[in-house]
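S.K.: Please read through the structure below; I'll follow up with questions.
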Amino acid sequence: MANPVDLVEVWRGELLECVHQGHAVICDDTGEIVNAWGDPAAQIFPRSSCKMIQALPLLESGAGAHLTQEQLALSCASHQGAAIHTDRVGAWLRDLGLTDADFRCGPQVPGDQDARHALIRAQAEPCQIHNNCSGKHAGFLTLNKHLGGGADYEKIDHPVQQMGKAAFEETTGETSPAFGIDGCSAPNHACTVHGLARAMAFFASAHDRSDLRSTAALKLRTAMMAYPELVAGETRACTDLMRAMNGRAAIKTGADGVFVAIVPEKRIGVALKIRDGATRASECVIAAILVSLGVLDPNHPAAIARMTPTLKNWRGITVGRVQPAAALRV
Numbered sequence: 000m001a002n003p004v005d006l007v008e009v010w011r012g013e014l015l016e017c018v019h020q021g022h023a024v025i026c027d028d029t030g031e032i033v034n035a036w037g038d039p040a041a042q043i044f045p046r047s048s049c050k051m052i053q054a055l056p057l058l059e060s061g062a063g064a065h066l067t068q069e070q071l072a073l074s075c076a077s078h079q080g081a082a083i084h085t086d087r088v089g090a091w092l093r094d095l096g097l098t099d100a101d102f103r104c105g106p107q108v109p110g111d112q113d114a115r116h117a118l119i120r121a122q123a124e125p126c127q128i129h130n131n132c133s134g135k136h137a138g139f140l141t142l143n144k145h146l147g148g149g150a151d152y153e154k155i156d157h158p159v160q161q162m163g164k165a166a167f168e169e170t171t172g173e174t175s176p177a178f179g180i181d182g183c184s185a186p187n188h189a190c191t192v193h194g195l196a197r198a199m200a201f202f203a204s205a206h207d208r209s210d211l212r213s214t215a216a217l218k219l220r221t222a223m224m225a226y227p228e229l230v231a232g233e234t235r236a237c238t239d240l241m242r243a244m245n246g247r248a249a250i251k252t253g254a255d256g257v258f259v260a261i262v263p264e265k266r267i268g269v270a271l272k273i274r275d276g277a278t279r280a281s282e283c284v285i286a287a288i289l290v291s292l293g294v295l296d297p298n299h300p301a302a303i304a305r306m307t308p309t310l311k312n313w314r315g316i317t318v319g320r321v322q323p324a325a326a327l328r329v
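Heads up, the sequence shown is in numbering that gives the first Met the number 0, so the first residue is 0 and it goes up one at a time.
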């Protein structure tokens, strides 16, 4: 990556202890850059931040025409594996006539404490339904059943993934130079930070158009904003910040320091990548950008907790702070 810039500062006392660098782009509905930090052409893996793009074929194909808003939100989710997530994904599987064994995402210990403790008490092992991507994979299975495809729907040459790649390249406006295998075993296609922001701007302006893809994008972004608790979970940045914005934006995190935002009222998309992959930094930057756009109140507790949190030691003593770097401060 070329030319990352300072985006987040971590202070301990009066000494600047740590700096997180990265790239960020705000893009309008014409695909043009409104503002940028670092290198807009930096190549990244979007990781889970692009799940709404991966869900487009589910609706475009007609396979998901019967799905509820809750199911559409889960198809875009990186959830905590709480009961509100697994109960819904389980019901979705049963409606498909499938079981946990049909997933290809792998088992994962749930991030939700209650769900994790329930497994321990039951002396049970986590299943694939607990995987944070099980909602996305339920969407893949729905599309695969509609297509009549083979069981290994996660393979790069499978029709499900080929449709996902096409949607990714068409919405980012780029030919992906490479792909990697994500934590859930599905392919993740590389793009530039600008390309990812361009795709989010497509979602942000979807209400201006009536074509099939735009209609699908509108349904997915609406579902995300209607059910923020299904997109992530309690205490998570995606959920807390979307609630704080009260339907003014849809946001989605990705592993290793990626975050995106869809801002319909301004018809703009945001994408960012923290070079060292730090989540605290990506959350700080997305909150700062949303504040600068006027869709997030800087005094809301959820904004403060991500953008300007104080650092406390184990005795509860304030020892430092995290804050946006000068380039981001408004």
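Where is the CB? At the ideal position from N, CA and C, for every residue including glycine.
(1) Candidates Lys311, Thr234 and Ser77: which alpha carbon is nearest Asn130's?
(2) Report the residue from Ala23, Ala301, Pro56 and Trp91 whose alpha carbon sits nearest the alpha carbon of Asn2.
(3) Distance check for Met223 and Ser291, CA to CA, integer angstroms please.
(4) What does Ile43 pair with, by DSSP beta-bridge criteria?
(5) In terms of residues, what are the limits of the beta strand (DSSP E) holding Lys272?
(6) Report yes if the C-beta distance between Gly256 and Lys272 is below 7 angstroms; otherwise report no.
(7) Nearest to His193 by CA position, among Ala123, Phe258 and Gln112, is which residue?
(8) Between Asn187 and Pro45, which are expected to be in contact by the criterion C-beta below 8 angstroms, what is the C-beta distance as a whole number of angstroms?
(9) If you reduce the DSSP assignment to three classes, tell me which class Lys251 lands in.
(10) If I'm right that Cys104 touches Val230 with Cβ under 8 angstroms, what's the distance once you round it to whole angstroms?
(11) Alpha carbon to alpha carbon, how far is Ala185 from Gln160? Give it in angstroms, no decimals.
(12) Consult DSSP for Phe258 and reduce its assignment to one of helix, strand or coil.
(13) For Arg212, I'd like the list of residues in its chain whose CB is within less than 7 angstroms of its CB, leaving aside the five on either flank, ordered along the chain.
(14) State yes or no: is the C-beta of Arg305 within less than 7 angstroms of the C-beta of Ala286?
(15) Please confirm whether Val267 and Asp101 have their CB atoms less than 7 angstroms apart.
(16) Tell me where the alpha helix (DSSP H) around Gln112 begins and ends.
(17) Measure the alpha-carbon distance for Thr170 versus Ala216 and round it to whole angstroms.
(18) Quick one: give me the first and last residue of the beta strand (DSSP E) that Thr317 is part of.
(19) Going by Cα to Cα distance, which pick from His299, Pro263 and Trp10 is closest to Arg208?
(20) Across the stretch 305-323 and the stretch 275-283, are there enough close Cβ pairs to call them in contact, namely three or more that are closer than 8 angstroms?
(21) Does the distance from the CB of Arg197 to the CB of Gly179 come in under 7 angstroms?
(22) If you run the structure through DSSP and keep just helix, strand and coil, what is Leu146?
(23) From which residue to which residue does the alpha helix (DSSP H) around Ala166 run?
(24) So, Ala236 versus Ala248, is the Cβ gap smaller than 7 angstroms?
(25) Taking three-plus beta-carbon pairs below 8 angstroms as touching, is the stretch 105-112 in contact with the stretch 78-86?
(26) Which whole-angstrom value describes the C-beta separation of Ser133 and Val88, a residue pair presumed to lie in contact below a C-beta threshold of 8 angstroms?
(27) Going by C-alpha distance, which of Leu240, Arg314, Ala270 and Gly246 is nearest Gly253?
(28) Helix, strand or coil, according to DSSP, for Cys104 in the structure here?
(29) For the putative contact between Ala189 and Ile43, defined by C-beta atoms under 8 angstroms, what is the C-beta separation to the nearest angstrom?
(30) Spatial neighbours of Arg314 within its chain, please: C-beta separation below 6 angstroms, excluding the five flanking residues on both sides.
M.R.: The answer reads as follows:
(1) Ser77
(2) Ala23
(3) 22 angstroms
(4) Cys190
(5) Ile267 to Ile273
(6) yes
(7) Phe258
(8) 7 angstroms
(9) strand
(10) Wrong, their Cβ atoms sit about 17 angstroms apart, outside the cutoff.
(11) 8 angstroms
(12) strand
(13) Leu55 and Glu59
(14) yes
(15) The sequence given here places Ile at residue 267; Val does not occur at that position. In this structure, Asp101 does not lie closer than 7 angstroms to Ile267 by Cβ.
(16) Gln112 to Arg120
(17) 10 angstroms
(18) Thr317 to Pro323
(19) Pro263
(20) yes
(21) no
(22) helix
(23) Pro158 to Thr171
(24) no
(25) yes
(26) 5 angstroms
(27) Ala270
(28) coil
(29) 7 angstroms
(30) none
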